[in-house]
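Numbering (the numbering used here), first residue to last: 3 to 134.
Cβ coordinates follow ideal geometry from the N, Cα and C atoms, glycine included.
In this text the structure is predicted, and so the values were computed from the model without any measurement.
Scroll down for the structure; my scribbles are underneath it.
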Ligand code: AMP
């Protein structure tokens, strides 16, 4: 059984901060920054491709709840919502989880987006494909 299923079943402890019928939220054991929280569906789902519409909504709702709680209790004004789906995306625990990562001025996290010159022909083709 995966580590998050064991947490959900109560076999191993966690620092729970929120729960409803579909999801549970608990503090990430490694705390990338203070307040780093994971939102996890109770049903074992490997990654984003397996989520139901109801689970997707519950995960987003819980993420917003947790972000607001961090704001209220830790004065968090900046946050990253992050999901790694698949090994190439950096997923280590194969049970879907949304990271809620508070950002502080002195943290050493760098999320880098490489920008390219826009290619409108390619964008048009891609848009057409994704609308099929
Ligand atoms: P990812 O690389 O997106 O799969 O992230 C997995 C996350 O799960 C890491 O940030 C770990 O610190 C976290 N993690 C692993 N085991 C536990 C645990 N028992 N309780 C809380 N967080 C955990």
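- Residue 39 is a Cβ neighbour of residue 19, given a cutoff of 8 Å.
- In the pairwise beta carbon analysis, the segment 66-78 is classified as not touching the segment 86-97: fewer than three pairs are separated by under 8 Å.
- Shown in chain order are the residues whose CB sits closer than 7 Å to a heavy atom of ligand 1: 5, 9, 14, 16, 28, 29, 30, 31, 32, 34, 40, 86, 92, 93, 94, 95, 99, 101.
- Cβ-Cβ separation between residue 60 and residue 22: approximately 6 Å, consistent with a contact (criterion under 8 Å).
- By the neighbour-count definition (other C-beta atoms within 10 Å, threshold 16), residue 111 is an exposed residue.
- Listed in chain order, the non-local C-beta contacts of residue 56 below 8 Å within the same chain comprise 24, local neighbours out to five positions each way being set aside.
- The C-beta distance from residue 99 to residue 41 rounds to 7 Å, short enough to fall under 8 Å.
- Under DSSP, residue 114 forms no beta bridge with any residue.
- Distance from the CA atom of residue 105 to the CA atom of residue 36, rounded to whole angstroms, is 9 Å.
- Every beta strand (DSSP E) of 3 residues or more that sits fully in the segment 67-92 is shown, in chain order, as 81-84.
- Judged by DSSP in its simplified three-state form, residue 62 adopts helix.
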